[in-house]
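Numbering follows the UniProt record's numbering, in which position 120 of the sequence shown is assigned residue number 120; successive positions increment by one, without gaps.
Ideal Cβ placement from N, Cα and C applies to all residues, glycine included.
Remarks on the structure that follows.
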Amino acid sequence: MEVALVQAKKSCPFLHVASASSLRRLSALQSKGAAAAKPGSALLNKAQQCPVMSQAIQTRGISTSRVVSQKPTTPVKAKAVEQSEVAAVRPPVATVTETTPASFETKSKHFDYESFYQHELEKKHKDKSYRYFNNINRLAQKFPRAHTARVEDEVTVWCANDYLGMGRNPVLTEAMKRTLDRYGAGAGGTRNIAGNADLHLRLESELADLHHKEGALVFSSCYVANDATLATLAGKLPGCVIFSDALNHASMIQGIRHSGAQKKIFRHNDMAHLEELLQSVDPATPKIIAFESVYSMCGSIGPIREIVDLAKKYGAITFLDEVHAVGMYGPRGAGVAEHLDFDLNAAHPTLGNGSILDEIDIITGTLGKAYGVVGGYIAASASLVDMVRSYAPGFIFTTSLPPAVVSGAMQSVKYLKVSNMERQMQQINSRVVKARLNELGIPVVPNPSHIVPVLLGDAAQAKLASDELLSEHGIYVQSINYPTVPVGEERLRITPTPGHNQGMIDHLVDSLETIWNRYGFKRVNDWVAQGGRAGVGMANPPKVSPLWTDAQLGLDKEVIQQEKAVKQQSSNML
């Protein structure tokens, strides 16, 4: 009964706010007017009032009745084969996983689509990879607050990728309102059909300038940008081989797959392994090294300089995904590549200044995270951009972004080129949260970026922690499970913003400590005893220093000012 109550509390928006004692009382009561009803009828009736649970109950009933009534009309057609025959056909396999059921035939011999859907979903539930989506509605005037399914129930969001709160910045929203009134809601179609709007061209000019490139091209999302660009470029280059980091995003993996090009996967950030793979390919063969600057689930940083050096040595071009870094790093928000030469790019932010940013062949970014709207883009040489524009189906046949979105994105990019305040505050808050959790032994995957991954190492535990943060503490942090992260490395992914104040940080830390104490989740010492996992509790761990230095954050100046104030107060007292 306890398990049923917990599950009901997680699943139903009408029950999740109720206490455990209330749920027990409902489960023990009979519904009114039903003297012969079974215990728990009141709880069932309450669930049937819920738009989510009522559908689930009805669907479950239909599915169960179908399974009970369904009988196979024909014997299974697969013929039994002796083990010796199998060995003769193919070598033995260590583990065989059934991916499809034996039969989905109905009495009419037609394929049972609904049973197939249910079967695939059941597999997700069994391996704990089923994704639950919470009803979260971010409130622009109360950032980073949001309301849930009930408008009166507000929570603090700690996991959104609107890293800087630009989604509600008046610089962006006011421009979008004006553009909406002038140009309407939609773009009217693809840029080829509806026209190449001036707003799109101006945004692309801003993005090209941001990344020190000759040209840029805007897509409906960076998933599409990565997929379309890699598929088109690698598919056109004769005999192209792509070298891909093992932790690359799904969009890059999809683009590589669609290209049909040969791929070689190197271990995450392992330059010796990458060079070994590069050496195995003919120097005259076209090559692409695809990697990221900030890997969003672990927060690690790609070794950009080293990869550029290897690309030059072996005749490859570089494809750098800066999705989780644009707006966040560098003196103008161009990403990690710009940040590596911070002072140079701050003083001379132009193409040809000699920075490593100039050496990257293709940069991809998003408008949907730090820039606060939606969309993606590539920045590269004029000829490469034009080739992708001319050949990529993902660009040619997709309706372009609405004018209001493009206008907002352009203003956001321009604003963050000159304002460091938002990204500095975000970095400071990330440092504070990491330090507070480390003091308590709550395991944070070490990294030099703004991501705060809290390791649990178990899918059910990660989901439980996420649920209790939401239902009992008014905090929304989504759990991250397989296939986004490997099995055994499940986590909570926390992303502080400039809008999180000290009170919110205190509440988050106290809430996590309460949950860790209640369930005995593993702390850093526990991971040390087990040999470590995902960088937590590892023997002789490498030193991790934040990418943003104290000087770049202005922290050294702040300390000096505080010391001066203390000295001044002392002088006044004397």
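Let me check understanding here. Comparing Cα to Cα, which of the options lies closest to residue i?
i: alanine 534; options: Tyr519, Val487, Ala551; result: Val487
i: residue 601; options: Arg182, Leu274, Leu164; result: Beyond the ends of the chain as shown, which are 1 and 574, falls residue 601; an answer cannot be given.
i: glycine 520; options: Asn429, Pro443, Val241; result: Pro443
i: proline 546; options: Leu464, Gly299, Ala347; result: Gly299
i: tyrosine 223; options: Ala216, Val326, Gly239, Ile253; result: Ile253
i: alanine 379; options: Ile360, Gln426, Ala370; result: Ile360
i: aspartate 209; options: Gln502, Gly554, Ser381, Met425; result: Ser381
i: leucine 401; options: Leu217, Gly499, Ala246; result: Leu217
i: proline 453; options: Pro286, Glu439, Ser430; result: Ser430
i: tyrosine 391; options: His119, Glu152, Asn192, Glu120; result: Asn192
If I'm right that residue i touches residue j with Cβ under 8 Å, what's the distance once you round it to whole angstroms?
i: valine 413; j: glutamate 206; result: 5 Å
i: tryptophan 548; j: valine 536; result: Between valine 536 and tryptophan 548 the Cβ distance is about 22 Å, and since that is not below 8 Å, they are no contact.
i: serine 293; j: isoleucine 304; result: 7 Å
i: alanine 337; j: leucine 320; result: 6 Å
i: threonine 148; j: asparagine 135; result: 5 Å
i: threonine 229; j: threonine 364; result: 7 Å
i: serine 221; j: glycine 368; result: 7 Å
i: alanine 465; j: isoleucine 515; result: 5 Å
Just curious, the beta strand (DSSP E) that residue i is in, first and last residue?
i: alanine 551; result: First-last for alanine 551: 550-553, but that is the alpha helix (DSSP H), not the beta strand (DSSP E).
i: glutamine 461; result: Where glutamine 461 is concerned, there is no enclosing beta strand (DSSP E), although the alpha helix (DSSP H) it sits in stretches over 459-473.
i: valine 454; result: 452-455
i: alanine 380; result: 376-380
i: serine 244; result: 241-245
i: valine 218; result: 215-219
i: threonine 364; result: 362-366
i: glutamate 359; result: Run containing glutamate 359: none; DSSP gives neither H nor E here.
i: isoleucine 136; result: From DSSP, isoleucine 136 is part of no beta strand (DSSP E); its letter is neither H nor E.
i: isoleucine 193; result: Here isoleucine 193 belongs to no beta strand (DSSP E); instead the alpha helix (DSSP H) covers 191-194.
Leaving aside the five residues before and after residue i along the sequence, list all residues of the same chain whose C-beta is less than 8 Å from its C-beta, in chain order.
i: aspartate 441; result: For clarity, residue 441 is glycine in the given sequence; the question names aspartate instead. Excluding sequence neighbours, glycine 441 sits near Arg523, Val524, Asn525.
i: alanine 462; result: Leu456, Ser479, Ile480, Asn481, Glu490, Arg491, Leu492
i: arginine 202; result: Met410
i: isoleucine 475; result: Val155, Thr156, Trp158, Leu469, His507, Leu508, Ser511
In the structure shown, what three-state DSSP assignment does residue i receive?
i: arginine 145; result: strand
i: threonine 156; result: strand
i: threonine 73; result: Legend: pLDDT at threonine 73 = 44, less than 50; position of this residue unreliable, value from coordinates given subsequently. Correct three-state label for threonine 73: coil.
i: glutamine 262; result: strand
i: tyrosine 482; result: coil
i: threonine 399; result: coil
i: aspartate 181; result: helix
i: aspartate 556; result: helix
i: arginine 423; result: helix
i: arginine 332; result: coil
i: lysine 313; result: helix
i: isoleucine 428; result: helix
Excluding the five sequence neighbours on either side, which residues of its own chain have a C-beta within less than 7 Å of the C-beta of residue i, listed in chain order?
i: threonine 399; result: Ala187, Gly189, Thr190
i: lysine 543; result: none
i: glycine 260; result: Gly235
i: arginine 168; result: Ala140, Phe143
i: lysine 177; result: none
i: lysine 124; result: Tyr130
Tell me which same chain residues have a C-beta within less than 6 Å of the C-beta of residue i, skipping the five on either side of it?
i: glutamine 411; result: Val171, Leu172, Ala175
i: arginine 332; result: Pro349, Lys417
i: valine 566; result: Residue confidence is low: valine 566 scores 49 on pLDDT, short of 50, so the model does not pin down where it sits. Its coordinate-derived value is still stated next. Here the set comprises nothing.
i: valine 406; result: Leu199, His200, Leu203
How would you write the range of the alpha helix (DSSP H) that residue i sits in, first residue to last?
i: alanine 225; result: 222-236
i: alanine 529; result: 524-529
i: leucine 340; result: Leucine 340 -> no alpha helix (DSSP H), and no H or E assigned at all.
i: arginine 491; result: Unbroken run through arginine 491 is the beta strand (DSSP E), 491-494; no alpha helix (DSSP H).
i: leucine 320; result: No alpha helix (DSSP H) contains leucine 320, which is instead part of the beta strand (DSSP E) from 317-321.
i: alanine 272; result: 271-279
i: alanine 208; result: 198-210
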